[in-house]
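>
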Amino acid sequence: MTVVDQVWNMTVVDQVRNMTVVDQVSNMKVVDQVKNMTVVDQVRNMTVVDKVWNMTVVDQVRNLTAVDQVWNMTVVGQVWNMTVVDQVRNMTVVDQVWNMTVVVQVWNMTVVDLVRNMTVVDQVRNMTVVDQVSNMKVVDQVKNMTVVDQVRNMTVVDQVRNMTVVDKVWNMTVVDQVRNMTVVDQVRNMTVVFFVPLVGKVYSFTLSVFVEFAMELHVVPNEEMRSKQYLTYSFYGTQRFKWGLNPEKKEKRC
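With the sequence shown counted from 1, adding 26 to any position gets you this note's numbering.
1. State the DSSP-derived secondary structure class of Lys276, mapped to helix, strand or coil.
2. Provide the residue span of the alpha helix (DSSP H) that contains Leu140, from first to last.
3. Secondary structure at Asn206, three-state DSSP: helix, strand or coil?
4. Mapping DSSP to helix, strand and coil, what is Asn89?
5. Would you mind listing the alpha helix (DSSP H) stretches within the region 174 to 198 that are 4+ residues and don't spill past its ends, in chain order?
6. Under the assumption that Gln176 contacts Val168 (Cβ atoms under 8 Å), give the Cβ distance between them as a whole number of angstroms.
7. Going by DSSP, what residue range makes up the alpha helix (DSSP H) through Asn215?
8. Helix, strand or coil: how does DSSP classify Val38 here?
9. Of the choices Val130, Gln149 and Val128, whose alpha-carbon is the least far from that of Val138?
10. Pick out the complete beta strand (DSSP E) segments inside the region 110 to 164, 3 residues or longer, and give them in chain order.
Here you go:
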C-alpha cells in the first residue's frame, strides 16, 4: 500500500497518534488549540484588544497612560481631579469673569473698559471741566457761555453784524458817521449855530464891502442921506457898517 492508503485505512485515533505534534495542532480547530494551551500561551496569542477585554477595569486603568486615563474620564471627573488653578486655566474668559465677584472684575478691567461701563453721567462727572468742554459740540459750548464770553469769542465782523444800527452808529467815529450819511442828512444835521453865523457873516461881509465901495465912489450925495443910510445899516449891528457909514468917523478918517 501507499502511505496514503495506509493512512486512509487507519482510524482517526491511529492517524492522530502517528502525526507529529505540529500536524496534530494544525489539524485541530482553533477552539481546541486554545483549550490545550496554557493560560500564558493563550494570553501571548491574544491581540491587545482581547487582552484588555479580559482584564478587570482596575487593571485596564492601571495599564493606561495618564493621558488615556483623563481621556476616559467624564468631564466632571476630569474637573474634580484638577487643581483650582487648572480649572480656571481651562475656563473661557467669559466663564472666568462670570465666576469673579464684581469687585475683582472691576479690578481686572482696563481704564478704557471701566469708562465704557460707566453711565454717561458718571463719565462726565469724572471729567475735568476742560475735558467736558472739549467734548461738547461748539453749539453747546456757546450755549453755556455768558453773553460777554460769546461776544469776546466773536470776530469783529460778527460783532458788528450782530449790533443794532444804533450800536453800530454809536461805535463809529464822527467822521465815519458823516461819511455814511447822505448829503441831505449831513445838511439836515448841521445846527443853526453853524448855519446862521455862516449866513450872517457872508451877508454882512458882502454888504459891508458893497457899502465901502459905494462910499468910496461917493454914491451917497449929501450928509443927510448918509445919516439916513447909517441909521438903516446900523440895524444889522456890525461895527464895520458903523465906522464906514458914520459921517463923523468918515470925516475923521479922511
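Here a beta-carbon is modelled for each residue, glycine too, at the ideal position from N, C-alpha and C.
Reading it off the structure:
1. In this predicted model, Lys276 has a pLDDT of only 49, less than 50, meaning its place in the structure is not dependable; the value taken from the coordinates is given anyway. Helix.
2. Val137 to Asn143
3. Reduced to three states, the DSSP call for Asn206 is helix.
4. helix
5. 182 to 188 and 191 to 197
6. 6 Å
7. From DSSP, Asn215 is part of no alpha helix (DSSP H); its letter is neither H nor E.
8. helix
9. Gln149
10. As far as the region 110 to 164 is concerned, it has no whole beta strand (DSSP E) run of at least 3 residues.
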